[in-house]
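Read the structure below first, then the notes.
There are 4 protein chains.
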Amino acid sequence: MTCKSNADLQIIVDEVRSFSEKGAVADYIPALAKVNKTDLSVAIYEKNNLCIYAGDYMRNFTLQSISKVLVLALALQDRGVDYVFDRVGMEPTGDPFNSISKLETSIPSKPLNPMINAGALAVTNMIKGESENERWERILQFVSCLANKPNVTYDVEVANSELETAWLNRALCYFMKQHKVVEGDIEELMITYTKQCAIEMNCFELARIGAVFALNGLDPETGERLIPIHIARICKTFMVTCGMYNASGEFAIKVGIPAKSGVSGGILGVVPEKYGIGIFGPSLDEKGNSMAGIKLLEILAERYNFSIF
Amino acid sequence: MTCKSNADLQIIVDEVRSFSEKGAVADYIPALAKVNKTDLSVAIYEKNNLCIYAGDYMRNFTLQSISKVLVLALALQDRGVDYVFDRVGMEPTGDPFNSISKLETSIPSKPLNPMINAGALAVTNMIKGESENERWERILQFVSCLANKPNVTYDVEVANSELETAWLNRALCYFMKQHKVVEGDIEELMITYTKQCAIEMNCFELARIGAVFALNGLDPETGERLIPIHIARICKTFMVTCGMYNASGEFAIKVGIPAKSGVSGGILGVVPEKYGIGIFGPSLDEKGNSMAGIKLLEILAERYNFSIF
Amino acid sequence: MTCKSNADLQIIVDEVRSFSEKGAVADYIPALAKVNKTDLSVAIYEKNNLCIYAGDYMRNFTLQSISKVLVLALALQDRGVDYVFDRVGMEPTGDPFNSISKLETSIPSKPLNPMINAGALAVTNMIKGESENERWERILQFVSCLANKPNVTYDVEVANSELETAWLNRALCYFMKQHKVVEGDIEELMITYTKQCAIEMNCFELARIGAVFALNGLDPETGERLIPIHIARICKTFMVTCGMYNASGEFAIKVGIPAKSGVSGGILGVVPEKYGIGIFGPSLDEKGNSMAGIKLLEILAERYNFSIF
Amino acid sequence: MTCKSNADLQIIVDEVRSFSEKGAVADYIPALAKVNKTDLSVAIYEKNNLCIYAGDYMRNFTLQSISKVLVLALALQDRGVDYVFDRVGMEPTGDPFNSISKLETSIPSKPLNPMINAGALAVTNMIKGESENERWERILQFVSCLANKPNVTYDVEVANSELETAWLNRALCYFMKQHKVVEGDIEELMITYTKQCAIEMNCFELARIGAVFALNGLDPETGERLIPIHIARICKTFMVTCGMYNASGEFAIKVGIPAKSGVSGGILGVVPEKYGIGIFGPSLDEKGNSMAGIKLLEILAERYNFSIF
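Protein chains in written order, with this note's numbering: chain A, 1 to 309; chain B, 310 to 618; chain C, 619 to 927; chain D, 928 to 1236.
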């Protein structure tokens, strides 16, 4: 284990907590704005539930964009690599995560990658199921399995609030429907997508999901295969090239591990072959990443030589 | 009157009909594709129902984008010049009429002008009324009044067909809703907008509407004021700077009169102080303008010195 | 004559001078920044040197972008309409005058119109001549002829200063050279273009040029044809659709006459069949147009019903 | 060593050579077009000159864009990390390598990363030296040192030919000069940049350079430090996020190693801690990468588990 003890880790957490001051909590929906700006918790999961923690690591938060990489792993299993990447690209972009311009200027119209909103919406649209409800249940079950948490839930208030105000995501969906990148009813897709973003868990559970990716798809307790190895790799690759919004390039240089962040302030980190990391720090920088969370990863990466480069 | 007789005009119509061959009829909805590609009719309205015609001038067609300029005239009366142009710009654009990119890159987000789809949708959203139905009735009544046609109708099949497939316009609406350029229910707005585009009339009636603008808002029969003079001017100005999609600049140079076209193949033309012109020629060039209709206007403009420049 | 006397005109000038306060003088080169911000002069030329003035109408200023429309008139005579518009478009744009993006996204690469910098540079590149010097002499001679000023000169300090700092125009030129829109040596082209922009004259002379366009190309004293009628019309059309940078649409609505402005604060106005107008007011709005100059034209247009719409 | 023998490697080379057929040799300058389309050679360098080869591995080719990553390593040493990234970004982009639009739409104007042309030109502009010649000599000496080749040369014909036709790169330079991202004389910068792209070597030498990066900056023979470790890491990170033009994301998923390609058909590959790889296969895909070279790396990566993800 990297840090010998929870106490070691707590020292670093206390060290970087002040970075929360400069950022701001997401407040585009009231439910997200209710958190304490200086909260900061982290869990590092090795295997067999060997894990160290710091901060209020049992506090729940919503996955938001972190869910994109999990649903991608499911869609790749449901549809295969070729089907998915016929509809969504593999290239990182310097544009903001919610940009629509490139959909218009690309010929054929195709979201650049599955980590921007357009791409993630298209990926959720690919999940198999007879009904929207069945698709949603399959997503929930898959995340439960990764987190080893039998009853994964979602924050109904957050989901409803986002559903009521997600005009930009609707614009992306209708634009993609025009270009046959998504199909079916857009409101149903929006319901599933906003629920997926509102899935809630704590740092420990998120770190365990990270450990699955670190082990290339194996359950860190049972050794059972939860994700095919080639799909785990694809997911980690996207986490490096476009996991941290349009600060992914900078994060790759300064930290150098696969990671995916969400506007709730969560970060899913993966140290290949070694650890899964779960972080919650709701104060965001201007790109939408947890300010203290990123600083924490920078220190850990430097101290314990995490970088894959 | 410019042409001394219908026969004179018919000669020109026959002369330019062949230009229809190179174009294509709009076929994005089945109802629009049903027309005869080489149809070409025209009416030139002077005043007091003094009018000359050629072709099958009683054939009905849908207004499509021509409706944008009529609804703009109503919105300007409903809301005033400042309200309208706080929300929609006055500048022409080289981008296609259905482009969304500029909405994203403009700060604040604002449709460039009321003749592109985004701007027209925002304008329709401004029409006053207690309910969507009342707004629609007011549009219909205003158009009736301009055309002096008591029971203006719309093509239900065309309207429904567009409503079912107008994903791109929905994308524009939701994008503008995000940026507070439009408000209220988007599906209701879409219903009104698709009906407005499906309003049907013939060349004669369209020419009469043109005559109202030519006379700066006066009824060409009764002399009654139907549109305030400053609003009639604003409408004519937009018809010059952006009435013919992104071929407006070329049309201003080659023809030089205020005009507005629609993908049905209709063109509303205005020769200030003199005539209103209505044309129907469904074969379109790649910009979406009636091929034979534009050629017809080029010849008329040259022969009778129509250009305002 | 519109205003009965110089005194009438002076009253309006005094009325709008205060609008200069809110703007700023162009200061990207020191030579331009030396002027007095509240200067405001105007001349309205009818014919046979019948002209009224107000302000310091004999003060020289440089043409800057106003030169674009004059050189276009010469290029159209040198090369013909088809040659010119094969290389430069006819469409207005909502983009800034010095934008390069659209050159990249348009296929084939082609400046949208001759009034933005890219288009104007391409037009200057079309002027006929065995050498760059001959091309320059021909431009100078043509402007002399329009202004009826035997020895038109240019401000050497302004020209040199712009030549030393015009990196963006060089970028546009090299981009167009890549796409074969311009040919030959770029530095030579830059020298001619910066000289053309630095041509100096006063309001009276500028108003006389406006009168040539108002009379569709005829000399307002001798009646001699200086510009073919179809070319005079093309120039006036561009002045309406894109003469006032990306405020052209608004100007068309609020004033409604062909006009071309420059960052020196000059405006060339044309009231078809009637007057040429020359204005100098160096305090600019954020789009680059003379603040007091535009206000002056708004008042004149409303009072004397100048609008062509 | 991965492949036990040259014979093993030759079998793979023969297997993928047919992929050359579908691509095309760069022909924008005559000197580049002279090569044999189906050439394919590769060297894999371990350490102490332990290396296996296949194909005509002693054939020289020019580095082209591969030079970008080498000059970046030097600039980071010359100026430090902060100076460099104040002027050039760290983010990958979905835009083509020679795009200029994003320079205009980004505020402040800043090339997105050092691997696109704009960024690479800015980086070359940062190399220290009293004169352009001294800067060039320092680049040459640094590359010599990495390749352990005392007299690294450049292809004068290629350099001159590119210098004569590189209008787009000049456009990028002048645009950046306007925005103060580059300074000094642009023609001098162009001379250095075109020479740098024309540096020539063979696969063996390129593989040796790769080994330096694989060993995080250490000389693979002497163990001497040639590049500081943090700079070697930065370079490898950019090779992953943006080394293969706008196919970098796809390459990261399919191959998963740091790599940089050039339009000559060269590829520099790095298997961290293990090997440097040099490839020459001049037949390019539409993104500008060696078709057979990429296929070769896909097979090697899969067979010998090269991916860092």
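Glycine included, every Cβ here is placed at the ideal spot set by N, Cα and C.
Given the structure is predicted, the values throughout are model-derived calculations rather than measurements.
For residue i, the three-state DSSP class (helix, strand or coil)
i, result
"A/Thr165", "helix"
"B/Ile508", "strand"
"D/Phe1207", "strand"
"C/Phe822", "helix"
"D/Ala953", "coil"
"D/Arg1065", "helix"
"D/Met928", "Residue placement at D/Met928 is flagged as unreliable, the pLDDT there being 49, under the threshold of 50; a coordinate-derived value is accordingly withheld."
"C/Leu650", "helix"
"C/Pro792", "In the sequence under discussion, the amino acid at residue 792 of chain C is Tyr, which differs from the Pro named in the question. It is helical."
"B/Lys545", "helix"
"A/Thr38", "coil"
Sequence-distant residues of its chain with Cβ nearer than 8 angstroms to residue i (five each side left out)
i, result
"C/Tyr701", "Met744"
"A/Asn48", "Pro220 and Glu221"
"C/Gln695", "Ile845, Pro846 and Ile849"
"A/Ser5", "Ile52"
Where the alpha helix (DSSP H) through residue i begins and ends
i, result
"A/Tyr304", "Met291 to Tyr304"
"C/Val687", "Ile684 to Arg697"
Start-to-end residues for the beta strand (DSSP E) that takes in residue i
i, result
"D/Tyr980", "Cys978 to Ala981"
"B/Ile436", "Premise fails: B/Ile436 is in no beta strand (DSSP E) and is neither H nor E."
"D/Ile971", "Ser968 to Tyr972"
Residue i burial status per 10 Å Cβ neighbour count (16 or more: buried)
i, result
"C/Pro648", "exposed"
"A/Asp39", "buried"
"A/Ala33", "exposed"
"A/Ser307", "buried"
"B/Gly493", "exposed"
"A/Asn169", "buried"
"D/Gln1068", "exposed"
"C/Ile629", "exposed"
"A/Asp27", "exposed"
"A/Gly223", "exposed"
"B/Met367", "exposed"
"D/Lys995", "buried"
"C/Ile827", "buried"
"D/Ser947", "buried"
"C/Leu721", "buried"
"B/Asn426", "buried"
Neighbourhood of residue i by C-beta distance below 6 angstroms, restricted to the same chain and skipping five residues each side
i, result
"D/Ser1191", "Phe988, Thr989 and Gln991"
"C/Ala816", "Thr680, Tyr772, Asp773, Val776 and Ala777"
"A/Lys149", "Glu205"
"A/Ala73", "Ile227, Ile231 and Cys235"
Cβ of residue i within 8 angstroms of any chain A Cβ
i, result
"D/Ala918", "Not covered by the structure: residue 918 of chain D. The range shown for chain D is 928 to 1236."
"B/Ser408", "yes"
"B/Lys563", "no"
Cβ of residue i within 8 angstroms of any chain C Cβ
i, result
"B/Ser616", "yes"
"D/Arg1097", "yes"
"B/Gly558", "yes"
"D/Tyr1231", "no"
C-beta neighbour in chain B for residue i, strict 8 angstroms
i, result
"C/Lys854", "yes"
"C/Ala816", "no"
Proximal residues to residue i (C-beta, below 7 angstroms), its chain only, five neighbours per side dropped
i, result
"D/Asn1216", "Met1171, Tyr1172, Ala1174 and Ser1188"
"B/Glu401", "The residue asked about is misnamed: residue 401 of chain B is Pro in this sequence, not Glu. Here the set comprises Asn422, Thr550, Cys551 and Ser557."
Residue-level contact to chain D via CB, residue i, 8 angstroms cutoff
i, result
"C/Trp754", "no"
"A/Asn246", "yes"
Legend entry - chain G contacts from the stretch 720-745 of chain C (Cβ-Cβ distance under 7 angstroms): Reference to chain G is not applicable here, since the protein chains of this structure are A, B, C and D.
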